[in-house]
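Take the sequence shown: its letters are residues 82 to 294, numbered as in the working numbering. Heads up, the beta-carbon is just placed ideally off N, CA and C, and yes, glycines get one too. It should be emphasised that the depicted structure is a prediction, and the values quoted were computed from it without experimental measurement. So the structure is just underneath, and the comments pick up after that.
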Amino acid sequence: MRTEAFVTRCSTRWGTGLLLVLLLAHAFVPALAWLGNASGQPWGNLLSGEGVRWYFLYVAESFRSPLMAVVVPVVLLLGALERSGLSDVGRVWWERGTRSLTYRQRTACLVSGIFLLCYGTGLLFLVYGPHSVLRSVTGDVYPSPFIPGIFQNMAAGMVLASLLYAALSNHLRGWKEILSVLYWGMRCHAVWLLDAVLGTHLYNMICYVWGGV
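So, in structure tokens, the structure goes:
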């Protein structure tokens, strides 16, 4: 629990610091673009009618960007590892060895590991099995539907393994606490989701002002 609280505090501190920087940048870029446009520079003006129209057209892209497709699984995975107790078990195992774990913890780790192995094998079977449904129409692995979703699917498998560990190890009691493994990352690391949205939007703003997009 101490490790979980420490990680949460550090994550919140760094995420909030980055959030402050992004908010300041969102205030600075439009003002700088307006000054540059007023002085004759060929910069996009976010405060003009065209800039406002651009904002409404592209603001939704910040919520479905490739960055969000990475940040959301990472946040869910970190929260699941912390809430389920797997992060603490991993630290104890690394420092003191397997014998320092209880019988219930070792059994839960074994079952979760077997589940994760079966999960990964199932994904590989969909790629290299008889029908190979995740290969491309030409039979290639790259590019194919398997590549874009491999990270998200593996993160989902590890989240489910964490959920299984929390239930078997008795680290969490009651179905409400066990199910909290699935959304704990959203609760403790939500600031990084906002950082991802604002970071993507800042990038799009820069492209509009100086890239002519």
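- Message: Given this structure, state the Cα-to-Cα distance separating L191 from L245, to the nearest angstrom.
- Response: Going by the C-alpha atoms only, they are around 11 Å apart.
- Message: Suppose the cutoff is 7 Å on Cβ atoms and the five residues either side in sequence are ignored; what does the same chain contact list for M286 look like?
- Response: V110 and L127
- Query: So, is W175 buried or exposed, given that buried needs 16 or more other C-beta atoms within 10 angstroms?
  - Reply: exposed
- Query: Can V290 and A119 be called in contact, C-beta distance under 8 Å?
  - Reply: At least 8 Å separates the beta-carbon of V290 from that of A119.
- Query: Does DSSP classify V173 as helix, strand or coil?
  - Reply: Helix.
- Task: Below 6 Å CB to CB, which residues in the same chain sit around A247 once its five sequence neighbours on both sides are set aside?
- Result: S165, L253, I259 and V262
- Message: So, under 8 Å CB-CB, F196 and L215 are touching, yes? Tell me the CB distance rounded to an integer number of Å.
- Response: Their Cβ separation, rounded to whole angstroms, is 20 Å, which puts F196 and L215 out of contact at 8 Å.
- Item | Residues near S181 in its chain [Cβ-Cβ closer than 8 Å; skip 5 each side] | V173 and W174
- Assuming L157 contacts V240 under a Cβ cut-off of 8 Å, what Cβ separation, rounded to an integer in Å, is found between them? L157 to V240, Cβ: 6 Å. Contact.
- Query: Would you call the CB atoms of L274 and V152 closer than 8 Å?
  - Reply: yes
- Task: Mark D276 as exposed unless 16 or more other C-beta atoms lie within 10 angstroms of its C-beta, in which case mark it buried.
- Result: buried
- Task: Report yes if the C-beta distance between A271 and P154 is below 8 Å; otherwise report no.
- Result: no
- Helix, strand or coil at T179 according to DSSP, with G and I counted as helix: helix
- Within the same chain, show all residues whose beta-carbon is closer than 6 Å to that of Q233, passing over the 5 residues directly before and after it, in chain order. P154
- Leaving aside the five residues before and after H282 along the sequence, list all residues of the same chain whose C-beta is less than 6 Å from its C-beta, in chain order. S143
- Message: So, at 7 Å on beta carbons, what are the nonlocal neighbours of T93 in its own chain, with the 5 sequence-adjacent residues on each side left out?
- Response: V272
- Item | Distance, R268 Cα to L279 Cα | 19 Å
- When the distance is taken between beta carbons, is G238 closer than 8 Å to G266? If you check the CB distance, G266 and G238 do not come in under 8 Å.
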